[in-house]
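Peer 1:
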Amino acid sequence: MLKQFLKILILLSVFLLFEKCAQVAPLTGGARDVKPPILTEAIPANKSLNFKSEVIVLKFDEFVQLKNLKNQLLISPGFKTDPEITTEGKKIRIVLKKEELLPNTTYRFYFGKTIGDMTEGNLIQNFEYVFSTGTFIDSLKISGKVADAFNQKSIGDAIVGLYNSIEDKMDSLAFKKIPDYITRTNAAGEYTFTNLPKRAFKVLGFFDKNKNYLYDGETEKIGSRDEDLLLKSDTTVDLLLFQEEPAKAFIKKTFLPYYGKAHIIYNKKCVFNLTSLNKEKNAFVFESDINKEKDTVTVYYKGVGDTLRLLVKNLNNKKIDTLNLSLPKINANKNKTLTFSINIQNEVLNRTSALQFTFLGLIDSLKCDWKKMRLIYKKDSVFIKEPLQGRLVAPYKVEVTNKLVEGIDYKLKIDTAAFFDHNGKYNDSLNLKFKLNSKTDFGKVTLKLLLNKKQSYIIQLVNDKEVVVKEGFIRFSLSSSNAATIDFEGVLPGTYTVKILFDDNENKKWDTGNYFMHKQAEKVIIAPKQIKVISDWDVEEEILIK
0 MLKQFLKILI LLSVFLLFEK CAQVAPLTGG ARDVKPPILT EAIPANKSLN FKSEVIVLKF
60 DEFVQLKNLK NQLLISPGFK TDPEITTEGK KIRIVLKKEE LLPNTTYRFY FGKTIGDMTE
120 GNLIQNFEYV FSTGTFIDSL KISGKVADAF NQKSIGDAIV GLYNSIEDKM DSLAFKKIPD
180 YITRTNAAGE YTFTNLPKRA FKVLGFFDKN KNYLYDGETE KIGSRDEDLL LKSDTTVDLL
240 LFQEEPAKAF IKKTFLPYYG KAHIIYNKKC VFNLTSLNKE KNAFVFESDI NKEKDTVTVY
300 YKGVGDTLRL LVKNLNNKKI DTLNLSLPKI NANKNKTLTF SINIQNEVLN RTSALQFTFL
360 GLIDSLKCDW KKMRLIYKKD SVFIKEPLQG RLVAPYKVEV TNKLVEGIDY KLKIDTAAFF
420 DHNGKYNDSL NLKFKLNSKT DFGKVTLKLL LNKKQSYIIQ LVNDKEVVVK EGFIRFSLSS
480 SNAATIDFEG VLPGTYTVKI LFDDNENKKW DTGNYFMHKQ AEKVIIAPKQ IKVISDWDVE
540 EEILIK
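In numbering that gives the first Met the number 0, the protein residues as written are 0 to 545.
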């Protein structure tokens with residue numbers, strides 16, 4: 000009996016042991032691979048001399064793939080025929096036309112972030128392969144930064160090109176020829192050329208929107224070094240890119256959001272003169288912002304049938320456009336309410352401005368009911384309801400003429416149907432609190448400038464949203480000193496930057512450059528120190544421009 004019991008106990012122990020061993024545990028696979036491929040061999044070797052091969056083989060320690068090769072690969076100098084580049088397992092194969100190799104020239108294949116492994120996609124950073132058809136590797140370097148000529152901000156992903164200036168004398172070089180040497184700026188606007196020979200270069204930078212390595216005119220930004228660069232040692236070249244003014248003005252598109260208003264959008268700013276060709280008895284057409292330079296002509300109209308006929312004359316070049324615009328139906332707009340905006344922000348009206356209502360369409364002034372509009376405020380412990388008074392300063396804009404006083408809390412009350420447009424729409428009721436900001440709510444900025452060149456300047460005070468809030472002009476005569484003082488009063492509290500624009504032609508505006516005419520954009524200097532403005536306080540800042 001005891002033997003039988005021991006036999007059962009042994010069998011049970013063996014069963015439990017095997018069951019425990021048979022349990023399945025998930026495989027972890029180890030740590031994730033984060034290492035990019037490693038080059039194990041190059042045939043011919045990297046930095047080979049007297050190169051004569053038609054095939055280059057790059058061998059790696061794992062299977063590789065090519066990502067975004069077209070936009071990442073830069074070959075300097077370039078070939079007439081693009082080399083054929085393919086992957087074969089752990090190899091990258093480059094086939095080029097040997098007859099296109101230039102004698103005694105260093106070539107650089109810059110792959111950037113193109114080569115990665117097959118499993119995790121880990122990319123080799125800034126991989127390059129270099130060889131020379133001569134007896135040495137060229138070793139000179141050009142580096143620098145690329146920025147916007149107007150706002151001085153760095154421009155990433157811009158093309159910087161070097162052209163062999165001894166061979167290329169065309170003014171239209173950037174339009175017609177891909178650079179002999181090409182590189183691209185990083186996110187900070189920085190670029191570097193390596194393995195360059197001793198020779199003269201034209202240096203150009205442009206923002207290549209369509210990735211064709213050519214400059215395509217005013218749709219792209221461009222900048223260049225004034226003179227050819229005779230490269231003898233490592234050199235720094237910074238470039239400022241500008242967008243050229245379009246040579247011709249033309250209508251890009253028209254936009255008619257609803258009956259009563261139309262926008263004619265041009266490709267550049269000009270001064271326009273508009274004439275209506277509509278002959279209807281009740282037709283009325285009005286251009287906003289008359290005699291101001293603008294790229295959008297906004298037109299308000301009423302009493303016009305199905306088509307708005309306009310004669311738009313560009314006063315800058317005397318060109319005339321005749322337009323026939325098909326109009327939307329009068330009641331096509333689903334919103335039946337007459338809407339308008341008021342120049343009150345955060346319940347505050349600027350003390351230097353009149354209270355204004357700006358409507359989306361033409362106002363029917365004969366139907367305005369001023370009895371439905373009033374100002375309510377407290378004076379000497381007594382609530383006063385003052386009727387609103389106003390006038391039409393434009394067919395779509397009403398200005399309030401009541402005298403407003405600092406220190407009083409106002410309530411603007413407008414009843415329903417106080418305003419009508421010519422399509423029968425009327426406003427909803429409105430209750431709005433506001434007050435005038437006082438003189439003590441503002442600060443004053445005094446700039447003491449010492450400039451190194453006697454000419455005209457535009458001085459701008461720019462807020463943190465890059466909006467010009469104040470602007471002044473300085474002109475130095477030959478007999479004057481180089482010092483000037485300019486005051487900006489009524490500045491709201493905030494942080495500001497001073498921008499100094501060189502007004503070379505004294506037209507009181509910044510002018511961009513022209514590549515074909517070898518004209519650089521007017522110089523801009525942004526003061527490095529920001530100015531902090533607080534309420535009821537004067538700030539004085541000295542700015543020295545060397």
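In this text, a Cβ means the ideal position worked out from N, Cα and C, and glycines have one as well.
Please report the distance separating the alpha-carbon of Y300 from that of E217.
Peer 2: Going from the Cα of Y300 to the Cα of E217 covers about 34 Å.
Peer 1: Is L450 near I544, with beta carbons less than 7 Å apart?
Peer 2: Yes, the pair counts as a contact, with Cβ atoms nearer than the cut-off.
Peer 1: Reducing DSSP to helix, strand and coil, say where N70 ends up.
Peer 2: Of the three classes helix, strand and coil, the one that applies to N70 here is helix, per DSSP.
Peer 1: Taking K507 as the reference, which of P256, Y456, K210 and A526 has the closest Cα?
Peer 2: Among P256, Y456, K210 and A526, the Cα nearest to that of K507 belongs to Y456.
Peer 1: I'd like the list of long-range same chain contacts for F78, defined as Cβ closer than 6 Å, with 5 residues on each side in sequence excluded.
Peer 2: So the list reads E99, once near-sequence residues are dropped.
Peer 1: Contact defined as beta carbons within less than 8 Å: I believe G259 pairs with L238. What is the distance between those atoms, to the nearest angstrom?
Peer 2: No, G259 and L238 are not in contact; Cβ-Cβ is about 48 Å, not under 8 Å.
Peer 1: By Cβ distance, which residues of its chain are closer than 6 Å to A187, with the 5 residues on each side in sequence left out?
Peer 2: For A187, where only same-chain residues beyond five positions count, the Cβ hits under 6 Å are S153.
Peer 1: Does the Cβ of T105 have 16 or more other Cβ atoms within 10 Å, making it buried, or fewer, making it exposed?
Peer 2: Buried.
Peer 1: Expressed to the nearest angstrom, what Euclidean distance is found between the alpha-carbon atoms of S476 and L354?
Peer 2: C-alpha separation (whole angstroms): 42 Å.
Peer 1: If we ignore side chains and look at the alpha-carbon of each, how far apart do N272 and M516 end up?
Peer 2: Those two C-alpha atoms are separated by around 30 Å.
Peer 1: Are the CB atoms of N323 and G338 within a distance shorter than 7 Å?
Peer 2: The sequence shown places Thr at residue 338, not Gly. Result no, Cβ atoms of T338 and N323 do not sit closer than 7 Å.
Peer 1: Rounded to a whole number of angstroms, what is the C-alpha to C-alpha distance between S47 and S131?
Peer 2: Rounded to whole angstroms, S47 to S131 spans 6 Å at the Cα level.
Peer 1: In three-state DSSP terms, what is A552?
Peer 2: For the chain, the structure presents residues 0 to 545; residue 552 sits outside this window and is missing.
Peer 1: Going by alpha carbons, who is nearest to K586 out of K464, V303 and N290?
Peer 2: This structure leaves residue 586 out entirely; the chain is present only between 0 and 545.
Peer 1: Does the beta-carbon distance from V523 to V532 come in below 7 Å?
Peer 2: Against a cut-off of 7 Å, the Cβ pair of V532 and V523 comes out as no contact.
Peer 1: Taking 7 Å as the threshold (C-beta atoms), are K498 and V461 in contact?
Peer 2: Yes, these two residues count as a Cβ contact at 7 Å.
Peer 1: Return yes when the C-beta of N67 is under 6 Å from any heavy atom of the ligand FMN, and no when it is not.
Peer 2: No copy of the ligand FMN occurs in the structure displayed, which carries no ligand at all.
Peer 1: Would you kindly work out how many angstroms separate the C-alpha atoms of I177 and K528, rounded to a whole number?
Peer 2: Cα-Cα distance, rounded: 41 Å.
Peer 1: What are the start and end residues of the beta strand (DSSP E) that includes Y257?
Peer 2: Element bounds for Y257: I250 to Y257.
Peer 1: I need the straight-line Cα distance from L172 to P35, nearest angstrom please.
Peer 2: Going from the Cα of L172 to the Cα of P35 covers about 39 Å.
Peer 1: Quick one, which of N345, L309, T351 and V303 has its alpha-carbon nearest K328's?
Peer 2: The shortest C-alpha separation from K328 is found at V303.
Peer 1: Quick check: what's the CA-CA separation for Q546 versus K432?
Peer 2: Outside the shown range of the chain, which is 0 to 545, sits residue 546, and nothing can be said about it.
Peer 1: State the beta-bridge partners of K208 as determined by DSSP.
Peer 2: Per DSSP, none; premise fails for K208.
Peer 1: Let me know if A24 comes out buried or exposed under the rule of 16 or more other beta-carbons within 10 Å of its beta-carbon.
Peer 2: Note on A24: pLDDT 49, under 50, position unreliable in the model; no value is reported.
Peer 1: To which residues of the same chain is A21 closer than 8 Å at the C-beta, ignoring the five residues directly before and after it?
Peer 2: Model confidence at A21 stands at a pLDDT of 49, short of 50, so the residue's coordinates are unreliable and nothing is read from them.
Peer 1: Return the chain-ordered list of same chain residues with a C-beta closer than 8 Å to the C-beta of S534, the five sequence neighbours on each side being excluded.
Peer 2: Taken in chain order, the residues that qualify are T439, D440, F441, G442 and P492.
Peer 1: Would you report the Cα separation of I530 and G222, rounded to the nearest angstrom?
Peer 2: Going from the Cα of I530 to the Cα of G222 covers about 31 Å.
Peer 1: Using the Cα positions of L230 and E87, report the straight-line distance between them to the nearest angstrom.
Peer 2: One C-alpha to the other measures close to 40 Å.
Peer 1: Once the 5 residues before and after F487 are set aside, which same chain residues still bring their CB inside 6 Å of it?
Peer 2: Excluding sequence neighbours, F487 sits near V444, L460 and K469.
Peer 1: Short check: CB of P196 to CB of D137, under 7 Å?
Peer 2: Cβ distance < 7 Å, so P196 and D137 count as in contact.
Peer 1: Kindly indicate which three-state DSSP category L365 falls into: helix, strand or coil?
Peer 2: DSSP places L365 in helix when its eight states are reduced to three.
Peer 1: Assuming Y190 and G143 make a contact with CB atoms under 8 Å, what is their CB distance in whole Å?
Peer 2: So it is a contact: roughly 6 Å between Cβ atoms.
Peer 1: Buried or exposed: which applies to E286, given that a residue is buried once 16 or more other Cβ atoms fall within 10 Å of its Cβ?
Peer 2: Label assigned to E286: buried.
Peer 1: Run through DSSP, which three-state label would D420 get?
Peer 2: Correct three-state label for D420: strand.
Peer 1: Look at the alpha carbon of T357 and the alpha carbon of N342, and state the distance between them as a whole number of angstroms.
Peer 2: Distance between the alpha carbons of T357 and N342: 8 Å.
Peer 1: Could you name the residues of the same chain whose beta carbon sits closer than 7 Å to that of K210, not counting the 5 residues immediately before and after it, in chain order?
Peer 2: The answer, listed in chain order, is N70.
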